[in-house]
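Position in the sequence shown counted from 1, then plus 3, gives you my numbering.
All residues carry an ideal CB built from backbone N, CA and C; glycine is no exception.
Worksheet: one structure, shown below.
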Amino acid sequence: MLYTISEAAVKMQLTSYTLRYYDREGLIPFVERSAGGVRMFKEKDFGWIRLIGCMKATGMPIKEIKQFVDWYMEGDSTLQLRRDMFYERKKLVEEQIESLQKTLNTIKYKCWFYDTAVAAGTTSVPKNMKPEDMPDEIRELKGKIDL
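The following block contains the structure:
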């Protein structure tokens with residue numbers, strides 16, 4: 004089955020503009036065109052578009068995504084380069100997750116802190132609370148955050 008750019012955009016939950024941009028940047032060079040020059044997407048193209056979205060979600064610049072596409076188009080001689088690129092991305096995403104987890108821990112602690120303060124009518128209660136009087140999860144969180 005073939006899809007026009009507007010049909011592909013709906014299917015991928017993107018805008019036609021985004022797909023045109025990807026095409027202009029050389030990220031989807033394999034998308035076929037009709038005799039009239041209209042982009043015609045196939046089911047297999049959607050996997051590529053999802054991969055581009057995944058790469059973008061990691062913060063990868065379009066230039067680097069384009070490099071990956073170029074390496075892919077070159078074939079097996081670039082397998083090592085492509086693999087290394089994904090290992091670099093994996094490391095960066097793991098670091099992002101770790102950073103976000105620290106942020107979430109701080110927010111969870113602050114939610115407990117202010118829930119406790121609101122219930123007591125003062126911040127002195129959670130501020131002066133002994134660790135052994137805190138819920139286990141909060142005591143563990145407090146040990147993991149820098150406040």
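Can you list, in chain order, the stretches of the alpha helix (DSSP H) that have 4 or more residues and sit fully within the stretch 36–69?
46–60
Test item: CB-CB of Thr119 and Pro134 under 9 Å
no
Candidates Phe116, Val121, Lys147 and Asp149: closest to Asp136 by CA position
Nearest C-alpha to Asp136: Phe116.
What separation, rounded to the nearest whole angstrom, lies between the Cα atoms of Phe49 and Val13?
11 Å
Here's the rule I'm using: 16 or more other beta-carbon atoms within 10 Å means buried, otherwise exposed. How should Ile100 be labelled?
Exposed, because fewer than 16 other Cβ atoms sit within 10 Å of the Cβ of Ile100.
Is the CB-CB distance between Ile52 and Tyr25 below 9 Å?
yes
What are the boundary residues of the alpha helix (DSSP H) that includes Met137?
Premise fails: Met137 is in no alpha helix (DSSP H) and is neither H nor E.
Return yes when the Cβ of Phe44 is within less than 9 Å of the Cβ of Leu5, no when it is not.
In contact: Leu5 and Phe44 (Cβ atoms closer than 9 Å).
Considering only the beta carbon of each residue, do Arg23 and Arg36 sit closer than 9 Å?
no
Closest by C-alpha distance to Cys57, when choosing among Glu77, Asp79 and Met15
Met15
Taking all protein chains shown into account, decide if Ala38 is buried (16 or more other Cβ within 10 angstroms of its Cβ) or exposed.
exposed
Measure the alpha-carbon distance for Arg27 versus Ser127 and round it to whole angstroms.
Between the alpha carbons of Arg27 and Ser127 lies a gap of roughly 59 Å.
Can you check whether the C-beta of Glu101 is within less than 9 Å of a C-beta belonging to chain C?
This model lacks chain C altogether; it includes just one protein chain.
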